[in-house]
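Enquirer: Next up is a structure, given as structure tokens.
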Amino acid sequence: MKKISLLGSTGSIGVNTLDVIERYPESFQVCALSAGSNVDLFARQIRKFKPALAALFDSTKIDALKELVGDLDVEIVSGQEGTVSAASFSEADLVVSGVVGSAGLLPALSALKAGKNLALANKETLVIAGELVLKEA
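Per the working numbering: the sequence shown = residues 738 to 874.
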């Protein structure tokens, strides 16, 4: 069973990735999720997939998230540091990055530096720093 850390879980790539994971529960397990600011959808995803770690980029909404999922056994972190924690999460076999734009660069590099297999679902990371990313891979 592959343990997945999914970055950008509330975006279209993330939602579709979770759909595949849900269809193949014998093959995949979510161990970490990260999202930008869509607290309601993120809380539903946390309840459904029960990751050990949940990272919300928008620190101003962390209290709202804790209110929605505070009864669950999940470590909740926030900000860029939280996203990096999800990208380098020790339990993950595979990091799927659906974070768009330059915001996806640091988490992608962090995943690679942590020795994780990285499924990169955006071109911006390679356009911005392709040589650096490939060097770490």
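Where a beta carbon is used, it is the ideal one built from N, C-alpha and C, also for glycine.
What residues in its chain sit with their C-beta under 7 Å from that of Ala-829, if we drop five residues either side in the sequence?
Expert: Taking the sequence shown and counting its residues from 1, the one referred to as residue 829 is at position 92. Closer than 7 Å at Cβ, skipping near neighbours: Lys-740, Ile-741, Ser-742, Cys-768, Ala-769 and Lys-853.
Enquirer: How is the alpha helix (DSSP H) around Glu-818 delimited, first residue to last?
Expert: Indexing the sequence shown from 1 puts residue 818 at position 81. Here the alpha helix (DSSP H) through Glu-818 covers 816-824.
Enquirer: Report the partner residues of Ile-813 according to the DSSP bridge assignment.
Expert: Numbered from its first residue, the sequence shown carries residue 813 at position 76. According to DSSP, which records beta bridges pairwise, Ile-813 is partnered with Ala-791.
Enquirer: Given 8 Å as the limit, is there contact between the stretch 809-824 and the stretch 837-850, that is, 3 or more CB pairs closer than that?
Expert: In short, these stretches touch, since the Cβ pair count reaches three.
Enquirer: With 16 other CB atoms within 10 Å as the buried threshold, where does Ser-834 fall?
Expert: Against the sequence shown, residue 834 aligns to sequence position 97. Buried, since its Cβ has 16 or more Cβ neighbours within 10 Å.
Enquirer: Whole angstroms is fine: what's the gap from Thr-754's alpha carbon to Ser-746's?
Expert: As a first step, residue 754 must be located in the sequence shown, where it is residue number 17. As a first step, residue 746 must be located in the sequence shown, where it is residue number 9. Roughly 8 Å separates the two Cα atoms.
Enquirer: Rounded to a whole number of angstroms, what is the C-alpha to C-alpha distance between Val-752 and Leu-744?
Expert: Translated into positions along the sequence shown, residue 752 becomes position 15. Translated into positions along the sequence shown, residue 744 becomes position 7. Each residue's Cα considered, the two are about 11 Å apart.
Enquirer: Output yes or no for whether 8 Å exceeds the beta carbon distance between Ser-796 and Ser-815.
Expert: Here residue 796 corresponds to residue number 59 of the sequence shown, with the count starting at 1. Here residue 815 corresponds to residue number 78 of the sequence shown, with the count starting at 1. Yes, they are a contact pair.
Enquirer: Using alpha carbons as the reference points, say which of Asn-859, Ala-789 and Leu-849 lies closest to Val-836.
Expert: Here residue 836 refers to the residue found at position 99 when the sequence shown is read from its first residue. Answer by Cα proximity: Asn-859.
Enquirer: Rounded to whole angstroms, what is the Cα-Cα separation between Lys-850 and Ala-801?
Expert: Along the sequence shown, one-based indexing puts residue 850 at 113. Along the sequence shown, one-based indexing puts residue 801 at 64. Taking the straight line joining both Cα atoms gives about 32 Å.
Enquirer: My assumption, with CB atoms under 8 Å, is that Val-811 sits in contact with Ala-791. Please give the rounded CB distance.
Expert: Locating residue 811 in the sequence shown gives position 74, where the first residue counts as 1. Locating residue 791 in the sequence shown gives position 54, where the first residue counts as 1. Right, the Cβ-Cβ distance comes to about 5 Å (below 8 Å), so this counts as a contact.
Enquirer: Can you give the Cα-Cα distance for Ala-772 and Ser-825, rounded to whole angstroms?
Expert: On the sequence shown, position 35 is the one that residue 772 refers to. On the sequence shown, position 88 is the one that residue 825 refers to. Looking at the two C-alpha atoms, the distance is approximately 15 Å.
Enquirer: At which residues does the alpha helix (DSSP H) containing Asn-753 begin and terminate?
Expert: In the sequence shown, residue 753 corresponds to position 16, counting from 1. 749-760 is the span of the alpha helix (DSSP H), which, as asked, contains Asn-753.
Enquirer: Going along the chain, which residues of its own chain have a beta-carbon closer than 6 Å to the beta-carbon of Ser-847, five neighbours each way excluded?
Expert: As a first step, residue 847 must be located in the sequence shown, where it is residue number 110. Counting only Cβ-Cβ distances below 6 Å, and skipping sequence neighbours, we find Val-821, Ala-824 and Ser-825.
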